[in-house]
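Peer 1: Residue numbers (my numbering): 634 to 865.
Note that beta-carbon positions come from the ideal geometry of N, C-alpha and C, so glycine has one too.
This structure is a prediction, so every number in the text was calculated from the model and none was measured.
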């Protein structure tokens, strides 16, 4: 079987309280570029556990995903997502709403999907046209599995609009090592996100491997602290 593999852990670090969560992940990259993320996310302050499997094609376009949530060791919901050039669909079961079947028609395949692992948030950088150099670009349509900042609702299809900013290239050192990275920002544009500050993140150029994220809204940083494999 031919594929590259990356595995690691991200620490969720609050400015005052220290580590308040963590994310274990593995990524397999096939020769033609299809890549699958498998992630387990723990948020101590929210008592939230998320399990995610998410696949994109060689052009970083979303193909399918599975998301399962528990809070305080109680089932919240689980869902299967599929994406095509006409939109997105979802089959889910949640504790609050029972069975839900969705089909959201869109003018094109979603540019990105955010099932809420931070590694997957880093993958959004691939939607930027870097041939234009540093700047700010509008992304539409964008989809997610929950509108909450912690991704703790649903899961179900959400459609949003956002701007993606490329600040420039930097060298960044974290516990997992020193990396050449692209500094990016996500600007949230939906009305209910008006109080959210831009989401800053740093990723490797080719694999869009998340090295660090910073969100002042939550007074938190998220650092890559363990890594097996060499990201590009």
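(1) Just verifying my parser: in three-state terms, what is the DSSP assignment at residue 677?
(2) When DSSP builds the beta bridges, which residues end up paired with residue 742?
(3) With which residues is residue 695 paired in a DSSP beta bridge?
(4) Does DSSP put residue 850 in a helix, a strand or coil?
(5) Would you identify the three-state DSSP class for residue 823, choosing helix, strand or coil?
(6) Return the bridge partner residues of residue 682 from the DSSP annotation.
(7) Distance, Cα to Cα, residue 719 vs residue 738?
(8) Grouping DSSP H, G and I as helix and E and B as strand, with all else coil, what is residue 810?
(9) From the DSSP output, which residues share a beta bridge with residue 862?
(10) Pick out whichever of 773, 698, 676 has its Cα sitting closest to the Cα of residue 740.
(11) I believe residue 675 touches residue 654 by the beta-carbon criterion, under 8 Å. Please report the beta-carbon distance rounded to the nearest angstrom.
(12) Are the segment 673-688 and the segment 638-657 touching, with three or more C-beta to C-beta distances below 8 Å?
(13) In its own chain, which residues sit with a C-beta less than 6 Å from the C-beta of residue 771, not counting the 5 before and 5 after it?
(14) Evaluate residue 812 with the Cβ neighbour count: other Cβ atoms within 10 Å of its Cβ, from every protein chain shown; 16 or more gives buried, anything less gives exposed.
(15) Measuring alpha carbon to alpha carbon, tell me which residue in 761, 731, 751, 735 is nearest residue 744.
(16) Would you call the segment 817-836 in contact with the segment 845-861, where contact means no fewer than 3 C-beta pairs closer than 8 Å?
(17) Relative to the C-alpha of residue 647, which residue among 852, 736, 694 is closest?
(18) Is residue 660 closer than 8 Å to residue 757 when the C-beta atoms are compared?
Peer 2: On the basis of the data shown:
(1) To locate residue 677, count along the chain shown from 1; it is residue 44. Three-state result, residue 677: coil.
(2) Here residue 742 refers to the residue found at position 109 when the chain shown is read from its first residue. In the DSSP assignment, residue 742 forms no beta bridge with any residue.
(3) Counting from one through the chain shown, the residue named residue 695 turns up at place 62. In DSSP, residue 695 forms a bridge with 689.
(4) The sequence position of residue 850 within the chain shown is 217, counting from 1. DSSP places residue 850 in helix when its eight states are reduced to three.
(5) Indexing the chain shown from 1 puts residue 823 at position 190. In the three-state reduction of the DSSP assignment, residue 823 falls in the coil class.
(6) Mapped onto the chain shown, residue 682 falls at position 49. As computed with DSSP, residue 682 is found in a beta bridge with 675, 703.
(7) As a first step, residue 719 must be located in the chain shown, where it is residue number 86. As a first step, residue 738 must be located in the chain shown, where it is residue number 105. Going by the C-alpha atoms only, they are around 6 Å apart.
(8) Looking up residue 810 in the chain shown gives position 177. Taken through DSSP and simplified to helix, strand or coil, residue 810 comes out as strand.
(9) As a position in the chain shown, residue 862 is number 229, starting the count at 1. DSSP lists no partner for residue 862.
(10) Locating residue 740 in the chain shown gives position 107, counting from the first residue. Per the Cα distances, 773.
(11) As a working mapping, residue 675 is identified with position 42 in the chain shown. As a working mapping, residue 654 is identified with position 21 in the chain shown. Sure, about 5 Å apart at Cβ, within 8 Å.
(12) Output reads yes: the segment 638-657 touches the segment 673-688.
(13) Locating residue 771 in the chain shown gives position 138, where the first residue counts as 1. Cβ neighbours of residue 771 beyond the five flanking positions: 796.
(14) Stepping through the chain shown from its first residue, residue 812 is reached at position 179. Burial check for residue 812: the Cβ neighbour count within 10 Å reaches 16 or more, so the residue is buried.
(15) Position 111 of the chain shown, counting from 1, holds the residue named residue 744. The candidate whose alpha carbon is nearest that of residue 744 is 761.
(16) Yes: the two stretches touch, three or more of their Cβ pairs being nearer than 8 Å.
(17) Within the chain shown, the letter at position 14 stands for residue 647. Closest in C-alpha terms to residue 647, from the list 852, 736, 694, comes 852.
(18) Indexing the chain shown from 1 puts residue 757 at position 124. Indexing the chain shown from 1 puts residue 660 at position 27. Not in contact: residue 757 and residue 660 (Cβ atoms no closer than 8 Å).
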